[in-house]
Structures are given as C-alpha cells and as structure tokens.
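To convert, note that position 130 of the sequence shown is 129 in numbering that gives the first Met the number 0; the numbers rise steadily by one, no gaps. C-beta atoms are modelled at their ideal positions from N, C-alpha and C, and glycine is treated no differently. Following: one structure in structure tokens, then a few remarks.
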Amino acid sequence: MASLLEKATSAVNEAKESVGASLTDAQKTIAASTETARTSLADAQETVTATTETVKTEAEAAPGKVSGVSTQARDALENVMSRGLEGAKSLFHGLEEKKTEISSKLVGAVTNVVGGASSSTTVASRDLPISTDNQPLLTGERGVDTTPWWKNCCGVLDLLKTSTTK
C-alpha cells in the first residue's frame, strides 16, 4: 500500500508539474496576445487620428478650393462673354459698313436710272420690245375696227381673205 501511495503521490506531482508548465505556457501566450492586441489598438488609434487630421485639413481647405474654382469659372465666363461681345461688335461694325456701301450703290443705281429715263436720246436709241402680255382683252376704244377672235384663229381666214383679194 505504501507503494500505491508513493505512485499516487508521484502521479499527482507529475500532474502538478504538467499543469504548472501548461499554465506558464498559457500565461506567456496570453501576455504575447495582449501585447499584440495593444500594439494593433495603438496603430489603429494612430491611423484614426491621422485620418481625422486629414479630413479636418481638407474640410478647412474646401471653401478656399471652391472659391478658387468659382473664381476660375467666373474669369473663364467673363473671358467668353467679352470675346462674344467683341465679336458681335465687330460683326455689327462690318454690317454697318456693308449697309453704307450698299446704300451708296443703290443711290448710284437709282440716280443712273432716273438720269437715263430723263434723257430721251438714250431711250430712243434703244430697241426695246413691246410686251403684249397683260394687255386688256377688251379695249375701251370705240370706233377702231377690230375683228373677233374666231376670225383670227390660226390665220386661216387671213389666208383666204388674202387669196381672194388677188
């Protein structure tokens, strides 16, 4: 029985040593994990702080950037408007010059027409065809011997009349 008791004591001592070693390993692992967690947490906190500072800086600079962009847009718009106005003024000036030129040419042409119409030698020397278009169908003149239209049809009656008078 003493040997059984010695064996039991020896097994308990071995178990104590084994549990103690396991406990020491577990404590080391916990300490290492805790240190890793603290380092990760510190890194995360630094990242959040840096990001917060960046966002604050960008937020503070945003009105200035927007102002700069709006100033550039306003300058560009003013540039376009001034160019457009200058172009319109130039076009208007060109049209005024053309109007003056056309007016002077028109006055010269009317002067020539009026001057030409008043001189009888130029009108008399020209051979102007007399238009028979737009002549009235019935003339208002009485006493003029006119033949009805059916007698003048195709000139057949004129041929017969000419052949009978010969």
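- For M80, the three-state secondary structure derived from DSSP is helix.
- If you draw a straight line from the Cα of Q71 to the Cα of A43, it is about 40 Å long.
- No alpha helix (DSSP H) of 4 residues or more sits fully in the segment 41-120.
- The same chain holds no residue with a CB closer than 7 Å to that of V54 once the five nearest residues on each side in sequence are set aside.
- The alpha-carbon of L94 is positioned some 31 Å away from that of R73.
- When only Cα atoms are considered, V11 and I29 end up about 26 Å apart.
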